[in-house]
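Residue numbers (the UniProt record's numbering): 1 to 73.
What follows is a short report on a single structure.
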Amino acid sequence: MKTIAHAWHLWLSDVRENMRDDRGEVNIVATVLLIVIAVTLVIFFRDAIEGWIKDLVDTISGGVDANNNTNMG
């Protein structure tokens, strides 16, 4: 009878430990929250981001055009 009680106690302690060990779910929730925050920020600052990208492309294109028009000879 002692072995059954001991096995039951071990099984019950394993179940309790597994119920407390929820780090995986916390990581998933944190990742989903970060994605939601990032998407919200992109939507909120969409016009500013488009302006920055346009300015960057214009700067890069202007630099390439200026270098292509120089006399290499």
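Using N, Cα and C, we set each Cβ at its ideal position, and we do this for glycine too.
Point to revise | Whole-angstrom distance between L56 and G62, CA atom to CA atom | key: 10 Å
Review point. What is the rounded straight-line gap between the Cα of T40 and the Cα of E17?
Key: Put simply, the backbone Cα of T40 is about 37 Å away from that of E17.
Check your understanding: What's the C-alpha gap between H9 and T3?
Key -> 10 Å
**Study point:** Close-in-space but distant-in-sequence residues of the same chain around residue 141 (CB under 8 Å, 5 per side omitted)
**Key:** Any property of residue 141 remains undetermined from this structure, which presents the chain solely from 1 to 73.
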